[in-house]
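Going letter by letter, the sequence shown gives residues 0 to 513 in numbering that gives the first Met the number 0. Okay, so here's the structure we're looking at.
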Amino acid sequence: MTFLSEQASSYYESFSNIFLDLYFLSSGSFFPITLIFMVVFSMLISKFGFEGFGIRRIVGKDQVFNFFMTAYIALAFAYLIYPNFHDHIESSVSMMSKSLLSGNALYSYSDAWPYSVLVYGPYLFIFEALLLTTGLPIIEASKLLGFLSILGSFILMRILFKKNLSLNMLILILPAGFFLFWNRPEPLIILFTLFSLYLSRSLLSIYSKLLFGFSLGVLVNLKISMLPIALLIFFFGVLFSKLNSKSMLQVISAGIFSLIVPFFSHQIDFRDYAEFIFSVSTEGIDYWILATNFIFFILIIIYTKPFLNGINLSVGSISIVNVLFFLAFIPSIKPGAGIWHLLPIVFISAFIIEKSKVKKELFEGRHIFNSVCMLASVFLIYFSFILFSKQAYWNQVKYELVSIEQEYPGIKMGVTDLERYGETFYRVMLSGDQFDVPAFMDLNFIGQKETEFAEKLSNCTIDLLVLPNSGEPFSLENFYTKKSLYSNETKAKFNERFALIKSFNYYNVYQCAP
């Protein structure tokens with residue numbers, strides 16, 4: 000019986016590793032390269048007389064797309080009730096939203112505890128904070144925004160897009176995976192991109208114009224890198240609704256107002272936020288991401304280009320569209336970026352195709368469509384597997400941390416290494432300020448040090464620490480630099496002043512010795 004159990008465990012581990020490899024190839028920065036290989040493979044099979052991926056389907060593309068979007072909404076709901084986050088910055092978003100709700104400053108760009116600042120605009124944290132007032136547990140409440148966003152986006156997509164050619168383009172969003180419904184700004188960006196495109200079709204009343212401008216302002220506020228996207232949608236609004244100067248001024252005024260109004264709050268310092276954004280934006284290029292995102296970008300542009308003439312654009316207007324597309328591409332090449340930065344370009348391209356008067360299908364794109372469907376299927380299977388197989392584990396971890404805080408009120412969360420990093424995401428459930436590790440990675444990347452944190456360890460201002468019970472304390476690497484996130488001084492002060500006082504199944508508790 001033991002032998003059979005070991006064999007089953009071995010097969011399970013092998014199966015998990017295979018799907019892990021497939022998942023990495025079908026999502027993130029590997030997706031564009033994998034897609035190219037699959038499309039070429041599909042085309043070669045078709046050329047040599049086999050149906051391959053081009054096998055005739057009884058169901059239509061709209062039905063396939065509806066199936067995938069329905070599956071993603073179901074997956075988003077499963078993730079909503081999943082007892083942990085999947086990505087480390089999700090916990091930072093929750094921490095900053097919780098802090099904003101408590102009356103603290105949203106951006107604190109300095110070498111000061113708790114090192115909580117992100118590149119995202121204030122609307123993300125304002126919307127998240129509103130959901131935290133519902134009384135739901137903080138993790139579930141924080142993820143509710145992504146679930147509601149993908150639900151709203153699906154409704155807007157079904158209203159906006161009817162053509163098979165548009166669906167060919169839209170299918171490219173699916174291997175973006177859980178980025179479509181995590182609690183970072185992408186789900187909101189998708190929602191407001193689609194909402195703005197919806198409004199741009201008919202701007203007749205003053206209310207529609209003001210709402211259009213407001214939507215564009217929120218889009219830019221969520222991420223300043225969305226400015227070229229907002230300008231592009233505004234351009235289409237002017238084109239399709241034939242706006243005069245007065246109407247354009249109304250839209251622009253509403254957009255600027257909605258963009259800047261959150262910074263009127265005493266909790267949101269525009270200068271600190273702007274300084275941080277400038278520092279981060281000047282810290283180099285990730286050349287791997289540049290290469291992969293450029294492949295994805297060119298694929299979109301090549302597919303969309305024949306349809307630009309079909310919306311009656313002049314040569315100058317086409318040049319403006321291409322320039323704005325390229326400006327929207329540039330922010331996607333920074334360290335930590337990915338193809339999810341290009342999702343708004345996908346939607347605008349699908350919108351161009353939908354509005355085009357070109358009726359003949361210039362090229363089917365079936366190889367791209369079918370290949371992306373396969374990659375999306377891998378994501379759905381893999382991520383569903385993760386959500387169900389890890390459910391019990393994360394519940395046990397969460398309940399243990401709750402009991403630890405009851406026994407040791409005021410405890411602070413620390414980290415060890417990457418293997419048990421996920422257990423530190425639960426710091427959002429602990430009371431008081433917590434060291435915001437993911438946010439500090441950005442600060443550390445631009446040269447900030449954790450000096451104040453080290454001093455708090457040294458003088459026992461931080462008395463109790465809880466860390467995962469394996470791995471060397473504070474050995475985590477910065478994901479951007481691949482170097483140790485914490486200085487040797489911090490590690491030395493921890494080793495000198497803190498002693499292990501109790502071990503649990505998943506965590507260790509340390510206390511400072513005065």
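Every residue gets a Cβ at the ideal spot worked out from N, C-alpha and C, and that includes glycine. Fair warning: this is a prediction, and the values are worked out from it, not measured in the lab.
| Check | Outcome |
| --- | --- |
| F256 versus E495: straight-line alpha-carbon distance, rounded | 53 Å |
| One or two residues paired with L464 in a DSSP bridge | K411 and Y509 |
| Where the beta strand (DSSP E) through A498 begins and ends | F497 to S502 |
| N311 versus Q62, T415, F239 and I297, residue with shortest Cα-Cα distance | F239 |
| Contact under 7 Å by Cβ, P186 with F194 | no |
| First and last residue of the uninterrupted alpha helix (DSSP H) at I332 | Per DSSP, I332 belongs to no alpha helix (DSSP H) and is neither H nor E. |
| Opposing strand residues paired with E476 [DSSP bridges] | S483 |
| Alpha-carbon to alpha-carbon, P334 and L258 | 26 Å |
| Rounded separation between L19 and A512 - CA only | 43 Å |
| Closest Cα partner of N292 within the set T303, L456, Y302 and I329 | I329 |
| DSSP three-state assignment for N16, whether helix, strand or coil | helix |
| Reference G514; option with closest CA among F191, F275, L499 and S486 | With the chain represented from 0 up to 513, any question about residue 514 goes unanswered, as that position is not in the structure. |
| Under the three-state DSSP convention, the category G53 falls into | For G53, the predicted structure reports a pLDDT of 49, less than 50, and the residue's modelled location is therefore unreliable. A value from the coordinates is still provided. Of the three classes helix, strand and coil, the one that applies to G53 here is helix, per DSSP. |
| CB-CB length for L130 against L150, believed under 8 Å | With a Cβ gap of about 14 Å, L130 and L150 do not count as contacting. |
| Inter-residue spacing [alpha-carbon to alpha-carbon] between M37 and F324 | 26 Å |
| Selection from S355, T450, L298 and L169 that minimises the alpha carbon distance to E488 | T450 |
| Chain-order list of residues whose beta-carbon lies under 6 Å from that of V217 (same chain, five-residue window excluded) | Y122, F191 and S257 |
| Start and end residues, alpha helix (DSSP H) containing H366 | R365 to S388 |
| beta-carbon Y22 near the ligand GTP non-hydrogen atom, thresh 6 Å | Looking for the ligand GTP in the displayed structure turns up nothing, as the structure carries no ligands at all. |
| Cutoff 7 Å; reference F153; Cβ partners in own chain excluding five residues on either side | M68 and I72 |
| Span of the alpha helix (DSSP H), counted from its first residue to its last, around I80 | Where I80 is concerned, there is no enclosing alpha helix (DSSP H), given that its DSSP letter is neither H nor E. |
| E127 vs S141 beta-carbon contact at 7 Å | yes |
| Coarse secondary structure for L230, derived from DSSP in three states | helix |
| Whole alpha helix (DSSP H) elements within the stretch 77-159, 4-residue minimum | 87-100, 121-131 and 137-159 |
| Close-in-space but distant-in-sequence residues of the same chain around I54 (CB under 6 Å, 5 per side omitted) | Interpretation of I54 is limited by its pLDDT of 49, a score under 50 that renders its predicted location unreliable; the figure taken from the coordinates is listed afterwards. For I54, where only same-chain residues beyond five positions count, there are no Cβ hits under 6 Å. |
| Test item: CB-CB of S165 and I352 under 7 Å | yes |
| Segment contact, 8 Å Cβ cut-off, at least three pairs: the stretch 306-320 with the stretch 214-229 | no |
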